[in-house]
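Before any comments, here is the structure.
Numbering (our numbering), first residue to last: 1 to 406.
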């Protein structure tokens, strides 16, 4: 089910509309007899339109499946027909006139494939089990640091190093095929069409169970809570995932870079500055919250000038608006908190030497708003470079709509 959650998240990130697949019910498959180990999966995939039979009603279940053909079927599984993609890639062996060029371009845009070091994709070569497992694992954004789950399989040492993380995900999500020997992966063998059908049928069954949850109209429906760990001592780390938006709750901390160097010796009250997200922001569970390039507008609310040369000025930046890469704009409430070492600090006021201690206890949102917000004034060091992390403490919920390219 975790794979399902991440698959549906990916559908949301790229605004994939849940639309019915073209159905072409399979009546007779000449080369898939009764009792064939994967018959039900083959029939299911044929009925859903993931595969087609040849003119002689043959499926060739034990034949291999090309790398590009595998992508073509997989994109049907995750229902990607509505992605706006012009079909261009940077693979040297794929051109716009290639049969599966659009499928390859979409898969590359979704981060499902990366090709070979020589910048080729080799679309006509048969896909291996390791390669197929890696493609499916790339749909999920959850990292698997613990590979011990693979020790239960006798040939786990044969898994290529680049595919270990993928196989750990696959076993955790029960999204792998090891027929006929359940103790072996045979990762270097070519994947058969029947094996691919089994994987796609598993994915489809999970997605089917969740479609109604994600088709709830415009009403706010809380689907789950996730965790954000940008800074380990943040007062809050709760992110709520709704059907139509994501909410980073007040008390969380996010990271931004100033668009240009800031110098608190020269900034003026009521002047405005823009900060930008240096990278994509994900929850611990793998949900994309917003993409690299999201902008946060700040206004200088107060400047405390210091008389001594070796004392830095204090500038209070209050953030009012968030701008996402697709031009969506949302109000926000946040302040910048950083020390000379880039750590978050809490202080009573600009002149206070006593700092509030970071609490290891997870606060409720109500506790955070009551105990912290009205007593905290940030300290920004004298100079901040454009490539330097600034921690932003959210003093209100940051709402992120479920739109394209956030």
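By construction, the Cβ of each residue, glycine as well, lies at the ideal position given by its N, Cα and C atoms.
Since residue i contacts residue j with CB under 8 Å, what's their CB separation in whole angstroms?
i           : j           : result
residue 133 : residue 109 : Incorrect: roughly 21 Å between the Cβ atoms, too far for contact.
residue 100 : residue 69  : 7 Å
residue 64  : residue 191 : 7 Å
residue 123 : residue 67  : 5 Å
residue 396 : residue 333 : 3 Å
residue 163 : residue 189 : Contact doesn't hold; Cβ gap of about 13 Å is too wide.
How about residue i and residue j: are their beta carbons less than 7 Å apart?
i           : j           : result
residue 292 : residue 284 : no
residue 390 : residue 330 : no
residue 41  : residue 298 : no
residue 256 : residue 273 : no
residue 401 : residue 240 : no
residue 202 : residue 175 : yes
residue 168 : residue 149 : yes
residue 112 : residue 135 : yes
residue 243 : residue 227 : no
residue 158 : residue 177 : no
residue 324 : residue 294 : yes
residue 50  : residue 200 : yes
residue 71  : residue 103 : yes
residue 258 : residue 384 : yes
residue 296 : residue 317 : no
Taking buried to mean at least 16 other C-beta atoms within 10 Å of its own C-beta, is residue i buried or exposed?
i           : result
residue 90  : exposed
residue 117 : exposed
residue 222 : exposed
residue 128 : buried
residue 151 : exposed
residue 5   : For residue 5, the predicted model reports a pLDDT of 46, less than 50, meaning its position is unreliable and no value from the coordinates is stated.
residue 394 : buried
residue 407 : No statement about residue 407 is possible, as the shown extent of the chain runs from 1 to 406 and does not include it.
residue 58  : exposed
residue 386 : exposed
residue 261 : exposed
residue 307 : Residue placement at residue 307 cannot be trusted, given a pLDDT of 46 that sits under 50; what the coordinates show is reported in the next sentence. Exposed, since its Cβ has fewer than 16 Cβ neighbours within 10 Å.
residue 62  : exposed
residue 98  : buried
residue 173 : buried
residue 290 : buried
residue 271 : exposed
residue 115 : buried
residue 120 : exposed
residue 193 : buried
residue 179 : exposed
residue 287 : buried
residue 154 : exposed
Across the region 42 to 60 and the region 170 to 190, are there enough close Cβ pairs to call them in contact, namely three or more that are closer than 8 Å? no
Taking only runs of the beta strand (DSSP E) that begin and end inside the region 120 to 169, which ones reach a length of at least 3 residues, in chain order? Annotation: the region 120 to 169 contains no complete segment of the beta strand (DSSP E) (minimum length 3 residues).
Cβ pair count under 8 Å reaching 3, the region 245 to 252 against the region 265 to 272: no
In chain order, which beta strand (DSSP E) runs of at least 3 residues are fully inside the region 50 to 89? none
In chain order, what are the residue ranges of uninterrupted beta strand (DSSP E) at least 3 long that sit wholly in the region 262 to 294? 272 to 276, 288 to 290
Kindly provide the ranges of any beta strand (DSSP E) runs that are 3 or more residues long and lie completely inside the region 180 to 262, ordered along the chain. 222 to 227, 238 to 242, 245 to 248, 253 to 258
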